[in-house]
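See structure below.
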Amino acid sequence: MIVDRYYYQQLNRKEKAIYNAFYKGVMSRQDIIPLPVKGKLSNETFNRVFMAMTRDNPLIFYLNQSACSWATDRFSHVAICPQYFFSEKKVREYKRKIESVVNQLVADLNLLDGNDYDKEKKVHDWMCQNIEYDFDGSDLNQPVRLITAHNIIGVFAHHKAQCEGIAKAAKVLLNAVDVKCIVVTGESDVNYKNERHAWNIVDVGHVPYQLDITWDIGASSQKRRKIAYDYFNLTDSLIMQDHKCKDILPKCCEVANNYYVMNNLVFSTKTKLYKYIDSTLKKGIYEFDFRYEGKENATELSREIARYALDWMRNQGHSAVKVTQRPNDSLGVCKLEIYQ
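Start counting the sequence shown at 11; every next residue gets the next number (my numbering).
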């Protein structure tokens with residue numbers, strides 16, 4: 011297991027001192043946490059430290075991130091006044107549950123075996139197959155669900171969470187097997203509307219890549235459990251097609267460990283693409299998952315490939331053939347499944 015505190019390293023000396031005091035105070039569930047500073051604490055400094063501490067330490071799931079403030083007394087002493095979810099007894103129960111689940115997953119998924127890529131893919135695949143996005147996780151009328159959906163409890167105790175809980179759980183699992191992983195918070199483009207979002211940056215062989223498991227959960231086939239890899243190890247330029255973040259982050263520029271690159275599923279010309287389609291059909295495989303870097307968008311290309319594949323199958327005597335398509339125009343990813 012590694013302690014991976016990327017955001018702590020981005021703070022200045024004063025901010026690190028505040029971070030350390032804040033962390034120790036929360037770990038011991040102090041109601042008032044004195045800080046090693048005197049005088050006025052700016053909102054900018056407090057927010058930087060708060061965001062760093064909460065993103066670096068997903069195991070502090072019991073801290074209320076929506077109701078944490080700071081105050082100064084008449085002697086210029088500064089203290090943070092946190093609020094906590096759950097009783098101490100309940101926190102201990104959740105900690106035991108989380109530790110048990112993480113240890114079991116490490117064993118069941120053989121997470122100690124293989125390189126960083128292997129470990130990351132096992133975590134990604136398990137989450138895509140076993141974790142649901144909690145669409146009711148922002149319902150203010152369901153406070154317990156709201157709390158668990160936004161932290162690791164949702165994943166490890168209920169198998170249902172929103173993006174923040176999913177990204178933090180991925181960090182916990184990968185850090186547990188010595189893979190560096192940070193939680194990124196920013197915005198994503200959902201139907202031409204910017205929404206708050208969280209995802210990860212993972213070090214694969216000391217090279218950082220962008221990873222959004224939440225969106226791969228959404229892109230996976232729920233009925234047939236076909237795992238999606240649209241957002242598995244992207245460069246900054248690719249993920250910026252529909253994600254935004256203003257923070258200073260590791261630069262993700264390499265493509266070698268991108269899923270589609272690793273599996274020779276990136277095509278830049280129609281000639282090469284149709285060679286792949288033909289060879290796949292002749293093998294009796296009727297599923298296609300690739301990224302195209304040509305001019306056509308994924309929706310148009312998926313329709314073209316679907317027509318071509320359906321005609322090919324009908325010519326082979328297959329009847330009542332159907333096709334499902336899940337194109338991703340932002341990334342040029344096409345996924346098609348043909349079945350009877």
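Ideal placement from N, C-alpha and C gives every residue a C-beta, glycine not left out. From a predicted model like this one, the values you see are computed outputs, not experimental measurements.
{"Check": "In chain order, which alpha helix (DSSP H) runs of at least 4 residues are fully inside the stretch 207-278?", "Outcome": "223-229, 246-249, 269-272"}
{"Check": "Shortest alpha-carbon distance to I315 belongs to which of K181, D299, C191, A179?", "Outcome": "D299"}
{"Check": "Which stretch, first to last residue, makes up the alpha helix (DSSP H) that contains A180?", "Outcome": "173-186"}
{"Check": "With a Cβ-Cβ cutoff of 8 Å, do T182 and I162 count as a contact?", "Outcome": "The question names Thr, but residue 182 is Val in the sequence shown. It is a contact, given that the beta carbons lie within the stated cut-off."}
{"Check": "Of the residues L115, M61, V343, C173, which one's Cα is nearest the Cα of E197?", "Outcome": "C173"}
{"Check": "Starting from T82, follow its DSSP beta bridges and name the residues at the other end.", "Outcome": "V88"}
{"Check": "Let's see if you can read the secondary structure: which residues bound the alpha helix (DSSP H) around R23?", "Outcome": "23-37"}
{"Check": "What's the C-alpha gap between Y202 and N338?", "Outcome": "14 Å"}
{"Check": "Report yes if the C-beta distance between F8 and M63 is below 8 Å; otherwise report no.", "Outcome": "The structure shown does not extend to residue 8, since the chain is modelled only from 11 through 350, so no value can be given for it."}
{"Check": "In its own chain, which residues sit with a C-beta less than 8 Å from the C-beta of R313, not counting the 5 before and 5 after it?", "Outcome": "Q335"}
{"Check": "Go to S289, then tell me how far its alpha helix (DSSP H) extends in each direction, as first and last residue.", "Outcome": "280-292"}
{"Check": "If you run the structure through DSSP and keep just helix, strand and coil, what is Q40?", "Outcome": "coil"}
{"Check": "Could you check what DSSP says for V59 in three-state terms: helix, strand or coil?", "Outcome": "helix"}
{"Check": "What residue range does the beta strand (DSSP E) around D135 cover?", "Outcome": "From DSSP, D135 is part of no beta strand (DSSP E) but of the alpha helix (DSSP H) over 126-140."}
{"Check": "Measure from the alpha carbon of Q251 to the alpha carbon of each residue in N267, A266, G342, then state which is nearest.", "Outcome": "G342"}
{"Check": "Straight-line CA distance for R234 to V36?", "Outcome": "Note that R234 scores a pLDDT of 47, beneath 50, so its modelled location is shaky; the value from the coordinates is reported in the next line. Distance between the alpha carbons of R234 and V36: 43 Å."}
{"Check": "Quick check: what's the CA-CA separation for R23 versus K282?", "Outcome": "54 Å"}
{"Check": "Is it right to say T158 is buried, meaning 16 or more other beta carbons lie within 10 angstroms of its own, or is it exposed?", "Outcome": "buried"}
{"Check": "Taking the alpha carbon of W136 as the reference point, which residue from S148, I108, F166, G304 has its own alpha carbon closest?", "Outcome": "F166"}
{"Check": "Can you grab the Cα-Cα spacing for the pair N273 / C344, in whole Å?", "Outcome": "15 Å"}
{"Check": "Within 10 angstroms of its Cβ, does H134 collect 16 or more other Cβ (buried), or is it exposed?", "Outcome": "buried"}
{"Check": "Whose CA, out of W209, G215, A208, lies closest to the CA of V189?", "Outcome": "G215"}
{"Check": "Taking the alpha carbon of H168 as the point to measure from, which residue in V13, G147, L184, Y18 has its own alpha carbon closest?", "Outcome": "G147"}
{"Check": "Among E297, Y318, G228, which has the Cα closest to the Cα of D284?", "Outcome": "With the sequence shown as reference, residue 284 is identified as Tyr, and Asp is not the correct amino acid for it. Ranking E297, Y318, G228 by Cα distance to Y284 puts Y318 first."}
{"Check": "Take I192 and list the residues in its own chain whose beta-carbon comes closer than 6 Å to its own, dropping the five residues that flank it on each side.", "Outcome": "Y16, I211"}
{"Check": "Just mark Y349 as buried or exposed, buried being the case when its beta carbon has 16 or more other beta carbons within 10 Å.", "Outcome": "exposed"}
{"Check": "Could you give the distance in angstroms between the alpha-carbon of Q40 and the alpha-carbon of N74?", "Outcome": "13 Å"}
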